[in-house]
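Each remark here refers to the structure printed beneath this line.
In my numbering, the protein residues as written are 186 to 377.
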């Protein structure tokens, strides 16, 4: 093989490998599912507020050569998704949702939703997703609060696929949403 052919082949391989190492941005669809019979309400009136306290809508980066352009973001508005989920769960449990003069003010806060990929060695990658939600209920000057975390790590022989990213992120997100809305301490406080 002559020099020119080798140089062209090396250049083509470099471009091919660089293209493979570039990962596209990804939007993840979240679909929290809270079991219906998890909590039982007593008909108390509630006002629900939801906060997204994350500093950015970016959850993390998929990785690759151009990591800054491989952002993972939610496909929709997480604050509104959490509001809808909390309201449906509490309404189905037997609470009455009101805008004015509630017996209880309930706040659910998304404090963290993170994703990171790190090299384990030359071939293996480790992806970690984590989430944190805090809740606060106020009734007659008495406050109940709690916080819930979930974390999951997977190991792959390459950068995780969009499907793997979606699965790991939904796993941690659903876990904290369910734990927050089915917290036995919260239920006891709401029904006092």
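Glycine included, C-beta positions come from ideal geometry on N, C-alpha and C.
This structure is a prediction, so every number in the text was calculated from the model and none was measured.
From this set, the options, which residue's C-alpha is nearest residue i's C-alpha?
i: residue 209; options: 233, 247, 234 and 231; result: 247
i: residue 183; options: 266, 326 and 352; result: For residue 183 there is no data in the structure shown, the boundaries of the chain being 186 and 377.
i: residue 322; options: 302, 289 and 300; result: 289
i: residue 319; options: 371, 274 and 272; result: 371
i: residue 306; options: 341, 215, 351 and 259; result: 341
Please confirm whether residue i and residue j have their CB atoms less than 9 Å apart.
i: residue 277; j: residue 363; result: no
i: residue 298; j: residue 317; result: yes
i: residue 330; j: residue 357; result: no
i: residue 348; j: residue 339; result: no
i: residue 354; j: residue 219; result: no
i: residue 373; j: residue 333; result: no
i: residue 337; j: residue 313; result: yes
i: residue 296; j: residue 238; result: yes
For residue i, count neighbouring Cβ atoms within 10 angstroms of its own Cβ and tell me buried if that reaches 16, exposed if not.
i: residue 280; result: buried
i: residue 233; result: buried
i: residue 294; result: buried
i: residue 199; result: Because the pLDDT of residue 199 is 45, which lies under 50, any placement of that residue in the model is unreliable, and the question is left without a value.
i: residue 217; result: buried
Per DSSP, which one or two residues make a beta bridge with residue i?
i: residue 299; result: 315
i: residue 332; result: 319
i: residue 340; result: 311
i: residue 294; result: 236 and 319
i: residue 259; result: 213
i: residue 289; result: 231
Is the CB of residue i under 9 Å away from at least one CB in chain C?
i: residue 236; result: Of the protein chains in this structure there is only one, and it is not chain C.
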